[in-house]
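Chains as they are written, first to last, in our numbering: chain A, 3 to 327; chain B, 193 to 585.
Scroll down for the structure; my scribbles are underneath it.
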Amino acid sequence: MNKKKIKTLTLTALVSIASPLWAEMAYVSNEKDNTISVIDLDAMEVVDTIDVGQRPRGILLSKDKSTLYICASDDDTVQVMDLATRKIVDSLPSGEDPEQFALHPNDRHLYIANEDDDITTVVDVKTKEVLAQIPVGVEPEGMAVSPDGRWAVNTSETTSMLHWINTETFEIEKNIVIGQRPRHVEFSHDSKFAWASAEIGGTVHIIDVDKLEAVKVLDFKIRGVNQDKVQPVGIELTSDGRYAFVALGPSNHVAVVDAQTYEVLDYLLVGSRVWQLDLNADQSMLLTTNGVSGDISVIDVEDMKVIKSIKVGRYPWGVVIAPSS
Amino acid sequence: MLRLPYISHAVCMLALTLVALAAAPAAAVDIRMGYIQWVPDRGPVLSNIIPEPEDGGLRGAELAVQDNNSTGRFLQQSYSLKTVMADSAEQAVQTLSTMMDQGIELFVLNVPATTLRTMAATAGDKVLLFNAGAKDDALRISECSPNTLHTIASYSMLTDALAQWLNSRRWNDIFLITGPTDQDIQWAEGFRRASKRFNLDIVTEKPWTFDGDLRRTASKELPLFTQGADYDAVVVADVRGDFGEYVPYNTWLPRPVIGTQGLTPVTWHRVVEAWGAAQLQSRFRDLADRGMNDLDYAGWIAVRSIGEAVTRAGSPASGDVRAYVLSDQFQLDGFKGRKLSYRSWNGQLRQPIPLVHPRALVAQTPIEGFLHPKTDLDTLGYDAPESTCRISR
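In structure tokens form, the structure reads like this:
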């Protein structure tokens, strides 16, 4: 990238950060504090800390972004928070030890990975009915549903597999073995590719969804960092198909990948043991949860720079961004 | 500013092959394994309040059979374990022959080094043995057997871990107490070697020869026993747990007690919870109704290594499992925060060593900053140039 272009981008970035279209709030689950931190992204500071169930890990938003679902792992439940009032208004049956989950585009079917039971539970969030419990491999962890609604994918950590679940029949149609300890799956916005991280294997596997085959295996090398500490976890893809961001755990870096050529463009230094990521609405800003340092790093996407870190609770795990309500 | 350094986007052909493997409608495979345990009576010990479980090792192997089968049901693999708890060394050796006659090629052994030597010698090259019990260094540096891999950490790995930590704390002056058994002497030899490697000074070394009952007299005997030149820590070599539990809080100087009691280096312990280990611990507790110890872990990871090799290499034959496990491709998640592999020259599982006290993890080694040209995991235990073993040739 030439210097001129960078200047232009920097200016754009400054303008977009100084005058956002609307205020946004980030919600962060703190695994060892049993709280959700609320961050005002205009002020870049924590404005509220909400008590929730025990060991909150995965969090996600309803499609209209008015409701936050929270995996309270040690309470064996999924809590439902109304973001307007910031109150827990309901809880859903989740199966034991829910860790991560994903919401079908129909805004109703919630796919939950039950880490201690080797199953995936599907719950209708409106009727609270358990629609299916699907046996998967040992220690199910990551969950994703394709944006077109056709596939739900679960990763099982000790089995090292991606389980491809047909969302019509709730049956596994395909198992793909990838690297050691698969943690997270992220679909491209056109549902054509799935990106899956293998934490201990140190790799990201890109699966062609039509063929259900890996088309690429990415690995990462950060100068001065022990290779064994490069442990991919969370993945975030920009909707324009340009970038993938991969959180690299205890290497304390986020990889910036060209999502078309699969070239690793850069490594950004963030806090300690970076786990999960989320982009804001206009995708100018990327937040990372840093488990060990207990903070959030804010990355300016145009400039590809870490511009701020914000202290939250102990062991921040998940992060989502919603418009201020 | 965007930099373009360290670009890495290699296509891993291995992984692509594996995907193809998983996709193929494989024929059902039965993987039969044997578990043989022979644990001699350790003799009367003073500290007999909390007994060690008698099925340490076995329950770990059983858990891994469950884990392998959970994966195996998607790959048409079925794992089973035939178990014998032998009453003598002779019975253990005889059991190995019997199981071999029944066609079993993969074994997990929790037996003493002398028994293991006999078993390895009689087993020949048609089987693969996982040593999940004997910590003796000789088995890894001079008497290596090509058919034997080691999942339990050796004495030198444990003592190197402890010495790295002492060095990092700058607690360099050591008072060493050595028990009388052969295992105590081996542990102490490991620590002496480690103290040279990591720049510790053993200012006093005393053999434990007292035979009084310390439950009555510890507070009187040990302060006098530990008098002498100033030291930063007391290191105890009491592998079977005879007198060591009575050393803490009874030293002449107010110093920490570490080694085989107090703060101890271990292959595994129930307090390890990071890196997903909490899940392994709770699975084990559900199965065995007790905490998971180092022998359980050694049994568990031996069977998991077999499962991983069968899945990736596509064959349950002992020769194929051995070749894959000792290859550069092998990597296994052992809930220790990084991928584990085997030292190809002596078959020892490379692994981080946790330092624990009974209710918490204190540190995990290798400690950052201790470097090695290949992997810092090889700063723990004897390294290839120090050994005559070359089992993978």
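We treat Cβ as the ideally placed atom computed from N, Cα and C, and that holds for glycine.
Inter-residue spacing [alpha-carbon to alpha-carbon] between residue i and residue j
i, j, result
"D78 (chain A)", "H461 (chain B)", "26 Å"
"P440 (chain B)", "E201 (chain A)", "40 Å"
"R475 (chain B)", "G499 (chain B)", "18 Å"
"Y489 (chain B)", "L445 (chain B)", "36 Å"
"L213 (chain B)", "D84 (chain A)", "Confidence is the limiting factor: at L213 (chain B) the pLDDT is only 43, short of 50, which leaves the residue's position unreliable, though a coordinate-based value still follows. When rounded, the distance between both Cα atoms is 46 Å."
"S584 (chain B)", "S536 (chain B)", "6 Å"
"V395 (chain B)", "L250 (chain B)", "41 Å"
"A324 (chain A)", "D119 (chain A)", "32 Å"
"Q135 (chain A)", "K528 (chain B)", "30 Å"
"G436 (chain B)", "D376 (chain B)", "11 Å"
"L13 (chain A)", "D284 (chain A)", "Here the model assigns L13 (chain A) a pLDDT of 48, short of 50, so the residue's position is not dependable, and the following value carries that caveat. Spanning the two alpha carbons is a distance of roughly 16 Å."
"A380 (chain B)", "A494 (chain B)", "27 Å"
"L271 (chain A)", "H255 (chain A)", "5 Å"
"R361 (chain B)", "A466 (chain B)", "22 Å"
"Y29 (chain A)", "A425 (chain B)", "47 Å"
"M205 (chain B)", "T459 (chain B)", "Low local confidence applies: a pLDDT of 37 at M205 (chain B) is under 50, so the model's placement there is unreliable, and no value is given."
"S579 (chain B)", "T287 (chain B)", "31 Å"
"A216 (chain B)", "S39 (chain A)", "Any answer about A216 (chain B) is weak, because its pLDDT of 44 lies below 50 and its placement is not dependable; what the coordinates show is given next. Straight-line Cα distance between these residues: approximately 47 Å."
"R316 (chain A)", "V257 (chain B)", "36 Å"
"Q229 (chain A)", "F222 (chain A)", "8 Å"
"E254 (chain B)", "A86 (chain A)", "50 Å"
Candidates the options: closest to residue i by CA position
i, options, result
"W363 (chain B)", "B:K327, B:Q521 and B:V449", "B:V449"
"A261 (chain A)", "A:S274, A:D118 and A:T240", "A:T240"
"V237 (chain B)", "B:V554, B:T373, B:M277 and B:G491", "B:T373"
"G226 (chain B)", "B:W537, B:D570 and B:L301", "B:L301"
"L273 (chain B)", "B:D329, B:I228 and B:F266", "B:I228"
"N240 (chain B)", "B:C581, B:Y438 and B:T340", "B:Y438"
"L354 (chain B)", "B:L341, B:A410, B:A429 and B:A326", "B:A429"
"V308 (chain A)", "A:G315, A:V321 and A:T290", "A:T290"
"D212 (chain A)", "A:M27, A:E175 and A:L70", "A:E175"
"S295 (chain A)", "A:S253, A:E304 and A:M306", "A:S253"
"F322 (chain B)", "B:A480, B:V513, B:G454 and B:H564", "B:V513"
"Q269 (chain B)", "B:S411, B:D568, B:T459 and B:T503", "B:T503"
"A552 (chain B)", "B:G539, B:M484 and B:V463", "B:V463"
"I167 (chain A)", "A:I178, A:Q233 and A:T161", "A:I178"
"S326 (chain A)", "A:P184, A:S68, A:G243 and A:N156", "A:S68"
"Y269 (chain A)", "A:G203, A:A246, A:N282 and A:A74", "A:A246"
"A198 (chain A)", "A:P149, A:L62, A:K310 and A:H186", "A:H186"
For residue i, three-class secondary structure by DSSP
i, result
"F367 (chain B)", "strand"
"K67 (chain A)", "coil"
"Y140 (chain A)", "Reading off the sequence shown, one finds Val at residue 140 (chain A), where the question assumed Tyr. Here V140 (chain A) sits in coil by DSSP."
"Q102 (chain A)", "strand"
"R316 (chain A)", "coil"
"P577 (chain B)", "helix"
"D192 (chain A)", "coil"
"E215 (chain A)", "strand"
"R447 (chain B)", "coil"
"E175 (chain A)", "strand"
"Y489 (chain B)", "helix"
"I223 (chain B)", "strand"
"P184 (chain A)", "strand"
"T87 (chain A)", "coil"
"K307 (chain A)", "strand"
"K189 (chain B)", "Since the first and last residues shown for chain B are 193 and 585, residue 189 (chain B) lies out of range."
"V463 (chain B)", "coil"
Chain B residues whose Cβ lies nearer than 9 Å to that of residue i
i, result
"N228 (chain A)", "R530, E560, T567 and D568"
"G203 (chain A)", "A207, Q523, D525 and K531"
Beta carbon proximity, residue i to chain C, threshold 8 Å
i, result
"N177 (chain A)", "The structure shown contains no chain C; its protein chains are A and B."
Cβ distance (whole Å) where residue i is taken to contact residue j below 8 Å
i, j, result
"L532 (chain B)", "G526 (chain B)", "4 Å"
"Q182 (chain A)", "L472 (chain B)", "Rounded, the Cβ-Cβ distance is 14 Å, inconsistent with contact."
"L154 (chain A)", "A196 (chain A)", "It should be pointed out that residue 154 (chain A) corresponds to Ala in this sequence rather than to Leu. Going by Cβ atoms, the distance from A154 (chain A) to A196 (chain A) rounds to 11 Å, so no, they are not a contact pair."
"V319 (chain B)", "E297 (chain B)", "5 Å"
"V300 (chain A)", "I312 (chain A)", "7 Å"
"V248 (chain A)", "V206 (chain A)", "6 Å"
"I114 (chain A)", "S96 (chain A)", "5 Å"
Contacts that residue i makes with chain A (C-beta to C-beta distance below 7 Å)
i, result
"L524 (chain B)", "Q182"
Under 7 Å by beta carbon: chain B residues contacting residue i
i, result
"M287 (chain A)", "The contacting residues do not exist; M287 (chain A) stays about 17 Å from chain B at best."
"T161 (chain A)", "S262 and T263"
"V140 (chain A)", "D259, S262 and T263"
Contact list for residue i against chain A, beta-carbon separation under 8 Å
i, result
"Q269 (chain B)", "Within 8 Å Cβ-Cβ: nothing; Q269 (chain B) doesn't reach chain A, min ~11 Å."
"F476 (chain B)", "Result: empty, since nearest Cβ-Cβ is about 12 Å, beyond 8 Å."
Within chain A, the residues that residue i reaches when beta carbons sit closer than 9 Å
i, result
"Q471 (chain B)", "D99, E117, D118, V140, E141, E159 and T160"
"T343 (chain B)", "Residues of chain A passing the Cβ test: none, with the nearest at roughly 17 Å."
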